[in-house]
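Notes to accompany the following structure.
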Amino acid sequence: METNKFSNQDINRLLKRGVCEVIVKEELVTALKSGKVLRLKEGFDPSFPDIHLGHMVGLKKLREFQDIGHQVVLIVGDWTAQIGDPSGASVTRPMLSAEHVKTNAKTYMEQFFKIVDKEKTEVRWQSEWFGNFNLADVIKLTSKFTIAQILARDDFSKRYNANQPITITEFLYPLLQAYDSVAIKADVEFGGTDQKFNLLVGRELQTMLGQRPQQVLMVPLLVGTDGVHKMSKSLGNYIGVAESPENIFGKVMSIPDGIIMNYFELITCVSDQELDEFRQLLDKNAVNPMELKKRLGREIVTKLHDAKSAITAEEHFAKVVQNKEIPNEIEECFFNLDSSMDLKELLTSINLAKSRSDAGRLISQGAVSIDGSVVVCNSMKLESGCVIKVGKRRFAKIINSDIIK
RNA sequence: GGAGGGGUGCCGGAGUGGUUAAUCGGAGCAGACUGUAAAUCUGCCGCUCGGAAGGGCUACGCAGGUUCGAACCCUGCCCUCUCCA
160 METNKFSNQD INRLLKRGVC EVIVKEELVT ALKSGKVLRL KEGFDPSFPD IHLGHMVGLK
220 KLREFQDIGH QVVLIVGDWT AQIGDPSGAS VTRPMLSAEH VKTNAKTYME QFFKIVDKEK
280 TEVRWQSEWF GNFNLADVIK LTSKFTIAQI LARDDFSKRY NANQPITITE FLYPLLQAYD
340 SVAIKADVEF GGTDQKFNLL VGRELQTMLG QRPQQVLMVP LLVGTDGVHK MSKSLGNYIG
400 VAESPENIFG KVMSIPDGII MNYFELITCV SDQELDEFRQ LLDKNAVNPM ELKKRLGREI
460 VTKLHDAKSA ITAEEHFAKV VQNKEIPNEI EECFFNLDSS MDLKELLTSI NLAKSRSDAG
520 RLISQGAVSI DGSVVVCNSM KLESGCVIKV GKRRFAKIIN SDIIK
């Protein structure tokens, strides 16, 4: 099987937009030109089954490689999941049950294949090779690297210098990931720039074991909706691939103006020429950034859902956020309105407030309104079918639970 | 094995016997404003009772102790870091 023929210009484009660094670039270019189908490795940790836009940068690039004929190998990190990627201050995690790993992997793949072509993807589980590992194998693997080498990784050295604990299992993480490359004979491994160390260990181990070292393609880290930190679930500044169109659109609208172009470039397919136009418009203040953000939101929702959802999501945003109106669809909540009505109780029980104290706070801050009028006291008469609004965008339609009986 | 640090609310990090539900920063929430769920400003930010004023309960690694009173002092334990071996 051969890949499609394509020019230097195509290769340039492929390795430029949304790519941070390629090691070794000349070799990858040669490999791409050779016409050989390359095995593109991408791994994931099934303890975090949710994909967000940050991951999408790399997945989109994988897709581009697929579209010209290359093969993706998706690795389910059912062993590394138990260690936890040492980038944070994470510690060894409890073993996930086999069942749990399975359901997480399923969830992950549903999201993964929204972007990557399922037909051109081979799914492999780490346990296929690590399941048979014994202590001798572990010793053989670990003896190939030194502590000094491992400590060269930025995350490790930072923690080490800050007198924070690092377990030996965490040191194992890069080695396991590297061995994956050997096991599947990877030609190229994809990852964020924060993965550089692990990716390079893969190259080393492959060389040691007589394989051709994989090429490493690093994609930039996407900044989160806060505009400051990298997008991550634990920081809460993420936009999930599986979220509703309304949520995705709204979250896109909440990004700071300064990172609009960054998002366009990394996670949409809007052409380079058009992006240049946008940049000029922004520079000259010739466009309201909000309009560009709306376009961005439409692009992203279309990619993750479809064009129709994008339109609905935008309408929803205009209606609810900009005009402060009530959305078309409101979740119905059942509550017994008869007995001595207690609004705090109601808000808490339908999850519009965390606790009765929280509900009290919201009421006193004027955040709660019923059918458009702001509530000032706790006890009041409610009609079945009334709409409660809390804050800017939390709504519930209250149905008297007695009626349906 | 020895010596010395450290464990505080979602996170970072003050506080070393009472006025501490615990300074401050970040996150989060709300209101105002706006060009948006941007930015900015203001307020809130353990649970619970109360319309409010105010009250009760729980909380500073764990378990005890001293004291009228402890995040703060003492004892033991657990976790963790550094240095020496």
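The working numbering applies: residue 160 is where the first sequence begins, and numbers increase by one.
Note that CB positions come from ideal geometry on N, CA and C, so glycine has one too.
inquiry  = Using 8 Å as the cut-off, can you tell me whether the segment 358 to 370 makes contact with the segment 330 to 349, which would need three or more C-beta pairs spanning the two stretches below that distance?
reply    = yes
Endpoints, beta strand (DSSP E) assigned at E278 = To locate residue 278, count along the first sequence from 1; it is residue 119. Note, E278: premise wrong, no beta strand (DSSP E); not H, not E.
ask   = Just the Cα atoms here: how many angstroms apart are A190 and A477?
value = What you label residue 190 is simply residue 31 of the first sequence in a count that begins at 1. What you label residue 477 is simply residue 318 of the first sequence in a count that begins at 1. Approximately 49 Å, taken between the alpha carbons.
message = Closer than 8 Å is the cut-off here; do at least three beta carbon pairs connect the segment 175 to 185 with the segment 365 to 384?
response = yes
ask   = Does DSSP put S249 in a helix, in a strand, or in coil?
value = As a first step, residue 249 must be located in the first sequence, where it is residue number 90. With a pLDDT of 45 at S249, under the threshold of 50, the predicted position of this residue should be treated as unreliable, though the coordinate-derived value follows. Reduced to three states, the DSSP call for S249 is coil.
ask   = Between the segment 393 to 411 and the segment 432 to 451, are three or more C-beta pairs nearer than 8 Å?
value = no
Assigned secondary structure, H475 (DSSP; H/G/I helix, E/B strand, else coil) = As a working mapping, residue 475 is identified with position 316 in the first sequence. Correct three-state label for H475: helix.
query = Between V565 and L521, which are expected to be in contact by the criterion C-beta below 8 Å, what is the C-beta distance as a whole number of angstroms?
reply = Only positions 160 to 564 of the chain appear in the structure, and residue 565 is not among them; the question remains open.
query = Does DSSP classify R438 as helix, strand or coil?
reply = As a first step, residue 438 must be located in the first sequence, where it is residue number 279. Residue state, collapsed to three classes: helix.
task = Count the C-beta pairs between the segment 269 to 277 and the segment 300 to 320 that are closer than 8 Å, then say yes if the count reaches three, no if not.
result = no
request  = Express the C-alpha separation of E329 and G247 in angstroms, rounding to a whole number.
outcome  = In the first sequence, counting from the first residue as 1, residue 247 sits at position 88. In the first sequence, counting from the first residue as 1, residue 329 sits at position 170. Bear in mind that the predicted position of G247 carries a pLDDT of just 49, short of 50, making it unreliable; the figure below should be weighed with that in mind. Their Cα atoms are separated by approximately 11 Å.
query = Which same chain residues, not among the five before or five after V533, have their C-beta less than 8 Å away from its C-beta?
reply = Within the first sequence, numbered from 1, the residue matching residue 533 stands at position 374. So the list reads G525 and V527, once near-sequence residues are dropped.
inquiry  = Starting from R318, trace the alpha helix (DSSP H) in both directions and tell me its first and last residue.
reply    = Here residue 318 is taken as the residue at index 159 of the first sequence, counted from 1. Run containing R318: D313 to N320, per the alpha helix (DSSP H) assignment.
key: Cβ neighbours of I509 in the same chain (closer than 7 Å, five flanking residues each side left out)   = Sequence index remark: in the first sequence, residue 509 carries index 350 (1-based). Counting only Cβ-Cβ distances below 7 Å, and skipping sequence neighbours, we find C492, F494 and A555.
ask   = On the three-pair Cβ rule with 8 Å, is the segment 391 to 406 touching the segment 212 to 221?
value = yes
ask   = Contact between the segment 382 to 392 and the segment 454 to 472: three or more CB pairs below 8 Å?
value = no
task = At 4 residues or longer, and completely inside the segment 318 to 387: list those alpha helix (DSSP H) runs for me, N to C.
result = 327 to 343 and 355 to 367
key: Extent of the continuous beta strand (DSSP E) to which A559 belongs   = Taking the first sequence and counting its residues from 1, one reaches residue 559 at position 400. Correcting the residue identity first, residue 559 is Asn in this sequence and not Ala. Its beta strand (DSSP E) spans residues R553 to N559.
inquiry  = Can you tell me whether D169 is buried or exposed? The criterion is at least 16 other CB atoms within 10 Å of its CB, across all chains shown.
reply    = As a position in the first sequence, residue 169 is number 10, starting the count at 1. The residue is exposed, with fewer than 16 neighbouring Cβ atoms inside 10 Å.
task = For the segment 201 to 208 and the segment 258 to 268, state whether three or more C-beta atom pairs, one from each stretch, are separated by less than 8 Å.
result = yes
inquiry  = What would DSSP say about F292, mapped onto helix, strand or coil?
reply    = Indexing the first sequence from 1 puts residue 292 at position 133. Three-state DSSP puts F292 in coil, outside helix and strand.
query = Can you list, in chain order, the stretches of the alpha helix (DSSP H) that have 4 or more residues and sit fully within the segment 188 to 229?
reply = 212 to 226
message = Which complete alpha helix (DSSP H) runs does the segment 438 to 465 hold, if anything under 4 residues is left out?
response = 448 to 463
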